[in-house]
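Numbering (this note's numbering), first residue to last: 425 to 513.
Written out as structure tokens, the structure reads:
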């Protein structure tokens, strides 16, 4: 794989993560679980694309520590939903 195509794959993975995070933030009670799972998977994919944790966290405006915790499964994304009513009890 050429360096240019690897870079484009990383950019695409980061864009996908941005879209999934936006969908998660906009999610409702009906789709919050699916949106959280999709966003977590997209975050893992972006980090594993070769872009690296620091670059992904910078482009998504997430702290590297928070991103690492989500990617490793130590923190569930749903617990961070901006709507307190959609966080798990």
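Note that the Cβ used here is the ideal one computed from N, Cα and C, for glycine as well. Since the structure is predicted, the reported quantities are computational estimates derived from the model, not experimental observations.
{"Asked": "Could you tell me the alpha carbon to alpha carbon distance between residue 510 and residue 465, rounded to whole angstroms?", "Found": "19 Å"}
{"Asked": "Label residue 507 either buried or exposed according to how many other C-beta atoms from any shown protein chain fall within 10 Å of its C-beta, with 16 as the threshold for buried.", "Found": "exposed"}
{"Asked": "Specify, as a first and last residue, the run of the alpha helix (DSSP H) that residue 443 falls within.", "Found": "427-449"}
{"Asked": "Within 10 angstroms of its Cβ, does residue 385 collect 16 or more other Cβ (buried), or is it exposed?", "Found": "Given that the chain is displayed from residue 425 to residue 513, the structure contains no residue 385 and the question cannot be resolved."}
{"Asked": "In chain order, what residues of the same chain have a beta carbon less than 6 Å from the beta carbon of residue 495, not counting five sequence neighbours either side?", "Found": "467, 468 and 471"}
{"Asked": "Taking DSSP as the reference, what is the three-state secondary structure of residue 499?", "Found": "coil"}
{"Asked": "Report the rounded CA-to-CA distance for residue 477 versus residue 438, giving the unit in angstroms.", "Found": "11 Å"}
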